[in-house]
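Here the structure comes first, spelled out in structure tokens, and everything after it is commentary.
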């Protein structure tokens, strides 16, 4: 049970309806997941978040599948179950197979480990790693 | 100043020296960065960490550059300056340009934002995101 | 199921009972929530935590509702479901409506995003932001 | 030294210049802080981040000072020094005095403490805290 | 439901089977918990993780019970429910009673609190705390 | 430079002076570190934090050295440099040598790694780990 009720299509204000229309059109599916149904209580937040996600996750200098895997890496680090589930599903839909998923998580685990070794030892940064 | 002194080459025990040799051989450079010089106080930890990192970051189902970018994503989320600096440098050495870096950070920022929106609203997971 | 059993009123030692009495008197309700029933296994921890929370959340330089919203902001950032649920309920009881909740979470999301952009880019602090 | 060079005004592309103009106009000052000078390498990211921050931090259901204090609370929890410094300065400029700052941090500290007590004990959520 | 199916004994490849044999032999029990059954999808990750955990948690300069309590401390800080549950059980099996658990969590809570006070105030490090 | 000035002994109000006296008496040294000099701006926060830390870190069901190591584990996980430095120094003063420190950090690193593997895979909790 979410903190605010999830809005059904017939409960949306016009501004939220317009965002849902764009989600459906952009994704080519009628399905709108719960995240947006919770955000729909604040159409300004809904619109900004959707447009930001759409812009950030579009093809660019990085491939959309790589972007989804980065999303999973952050979500696993923060332990956001909703985001782990939804972005793992999205990455699979874009071609991530089990071997790729397991390697992704192996990197995430290793980074989380060495982050703490570097923190705990307060290792000074090598000059070689700084920009010229 | 690190919590334990950084060991110079002539201060290494034999076990640590063997790891440094492998780092140099694997990377094709004489340079060994401070992280390993701090870990060298515990040759068991040094060896396990190096061999794990070498295994995890090798080419596999994912490209080494993608792995470096995932490392940066986790390190930026955790704010480990040492790891941000060293893995950003490593990713650049493998081909990441400024446009790719900025897009990578854009995804990291967006994931950190929506992670908290999903947390704060306690959005229930859609059945569509669960494995069959 | 919590890691230690939740204690019922008739299972409390005298020291824990005294804390529960103060919780009830301070809040003007007979209801004592599960958090305190778990802490009651360690009456020293229970007493210190309750007295600290009571002191911190009392009216002072900041309004109690603002304090509850700050509590929600931290709990959403850390993804502590128990604390998100209990402090969102407490903030609502003190007057937070849906519009305020959604704006609160919008700020929390944005701060989590820009925290990582600043981390990932290692932006140096402007002199203007430092105390004189 | 940031990961990418901070751009001076005469190094900005037209799209970035337009954002800087809006920052100056909105804030009524010629000063543009380093965060935006780093983001200026990616004018799309710069524009989206600025417009999002401007929208989120504007007066609404919550007071701008309350929003700045929530920003500080998140940044202190995540330990983003840049954001702690810049948003503490912003909150002071909007009226936060030392007493308010110390109380704010007291709440942040307490929330971070009880978040971990609730986590470690895995306290089940009381029915009273769930929406009807 | 985990993101990948948990593998039963008769679904393991030979490499994974060898790791499960070592888990059973090392722990002196036939029980292999779900964590390893999920990792078994990637026998390289499974083997490295198991051998690392076995090495790290063995008696050494620190007592195995102390190590388990440190594991719980980290897991409670990160709010990883699986690790809180499994390592609290492991610590109990090695002799941690309720009084020790409650004190452990009290320290974890206090550290999380003062970490944020130090962050929020950006307290400079005393020379006395730096190595000579 | 801290966010609020560090108070010298002759700048303390009477309530803060009384806390500093107790710090000196309890620790048997005239040295009072910067953390308390920053908190001294809010004598109520100073007193509560000092008395809480004194109570939590006293000998009890756990040894004070074990408690200091747990403090370091949490601080390294959160990357609070001030707390890493001060509690590593405190643990050393109570008997932690380099071998113990390196093993402590090895456990912290491993826990941070497996926390994310368990998160990313959303491993369900084994019944064996739940209380009866």
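Residue numbers (the numbering used here), protein chains in the order written: chain C, 23 to 154; chain Y, 23 to 154; chain A, 23 to 154; chain R, 23 to 154; chain V, 23 to 154; chain W, 23 to 154. Backbone N, C-alpha and C fix where the C-beta goes; we use that ideal spot for every residue, glycine too. It should be emphasised that the depicted structure is a prediction, and the values quoted were computed from it without experimental measurement.
Check: Measuring straight from C-alpha to C-alpha, what distance separates residue 82 of chain C and residue 140 of chain Y?; Outcome: 26 Å
Check: Taking only three categories from DSSP, how would you classify residue 94 of chain V?; Outcome: helix
Check: Taking the C-alpha atoms as reference points, what is the distance between residue 143 of chain Y and residue 108 of chain A?; Outcome: 13 Å
Check: Please state whether DSSP places residue 134 of chain V in a helix, a strand or coil.; Outcome: helix
Check: So is residue 70 of chain C in contact with chain R if we call contact Cβ pairs under 8 Å?; Outcome: yes
Check: Taking all protein chains shown into account, decide if residue 149 of chain R is buried (16 or more other Cβ within 10 angstroms of its Cβ) or exposed.; Outcome: exposed
Check: Evaluate residue 90 of chain V with the Cβ neighbour count: other Cβ atoms within 10 Å of its Cβ, from every protein chain shown; 16 or more gives buried, anything less gives exposed.; Outcome: buried
Check: Is DSSP giving residue 23 of chain W helix, strand or coil here?; Outcome: coil
Check: With a 10 Å radius around its C-beta and 16 neighbouring C-beta atoms as the bar for buried, classify residue 67 of chain V as buried or exposed.; Outcome: buried
Check: Taking 8 Å as the threshold, find out whether the segment 52 to 62 of chain C comes into contact with the segment 93 to 103 of chain Y through three or more Cβ pairs.; Outcome: no
Check: Nearest-angstrom Cα distance between residue 23 of chain C and residue 112 of chain A?; Outcome: 17 Å
Check: Tell me the residue span of the alpha helix (DSSP H) that contains residue 106 of chain Y.; Outcome: 103 to 115
Check: Among residues of its own chain, excluding the 5 on either side of residue 28 of chain V, which ones have a beta-carbon nearer than 7 Å to its beta-carbon?; Outcome: 56, 59 and 60
Check: With contact counted as at least three CB pairs below 8 Å, one residue from each stretch, are the segment 117 to 125 of chain C and the segment 116 to 136 of chain W in contact?; Outcome: no
Check: Rounded to whole angstroms, what's the CA-CA distance from residue 69 of chain A to residue 50 of chain A? Just pull it up for me.; Outcome: 18 Å
Check: May I have the straight-line CA-CA distance separating residue 147 of chain V from residue 106 of chain W, to the nearest angstrom?; Outcome: 10 Å
Check: Residue 30 of chain Y by DSSP, collapsed to three states: which one?; Outcome: coil
Check: On the three-state DSSP scale, how would you describe residue 118 of chain V?; Outcome: coil
Check: Run down chain W in chain order and give the residues with a C-beta less than 7 Å from the C-beta of residue 135 of chain C.; Outcome: 131, 132, 134 and 135
Check: If you compare alpha carbons, which of A:110, A:154 and A:134 is closest to residue 26 of chain C?; Outcome: A:110
Check: Taking only the alpha-carbon atoms, compute the straight-line gap between residue 63 of chain W and residue 102 of chain W and give it to the nearest angstrom.; Outcome: 21 Å
Check: Could you compute how far the alpha carbon of residue 131 of chain R sits from the alpha carbon of residue 131 of chain V?; Outcome: 9 Å
Check: Under three-state DSSP, which class holds residue 142 of chain V?; Outcome: helix
Check: How is residue 66 of chain W classed by DSSP in three states: helix, strand or coil?; Outcome: helix
Check: Beta-carbon separation of residue 75 of chain A and residue 128 of chain R under 8 Å?; Outcome: no
Check: To the nearest angstrom, how far is the alpha carbon of residue 80 of chain C from that of residue 88 of chain C?; Outcome: 11 Å
Check: Looking only at C-alpha atoms, which of W:48, W:92, W:43 and W:33 sits nearest to residue 137 of chain V?; Outcome: W:92
Check: CA-CA distance, residue 8 of chain V and residue 86 of chain W?; Outcome: Residue numbering for chain V in the displayed model covers 23 to 154; residue 8 of chain V lies beyond these limits and cannot be assessed.
Check: Is it buried or exposed for residue 42 of chain V, if we count other Cβ within 10 angstroms and need 16 for buried?; Outcome: buried
Check: Run down chain W in chain order and give the residues with a C-beta less than 9 Å from the C-beta of residue 102 of chain Y.; Outcome: 101
Check: Is residue 83 of chain C helix, strand or coil when you go by DSSP?; Outcome: coil
Check: Do residue 134 of chain R and residue 134 of chain V have their C-beta atoms closer together than 8 Å?; Outcome: yes
Check: Rounded to the nearest angstrom, what separates residue 104 of chain C and residue 152 of chain A at their Cα positions?; Outcome: 38 Å
Check: Whole angstroms is fine: what's the gap from residue 30 of chain R's alpha carbon to residue 114 of chain R's?; Outcome: 27 Å
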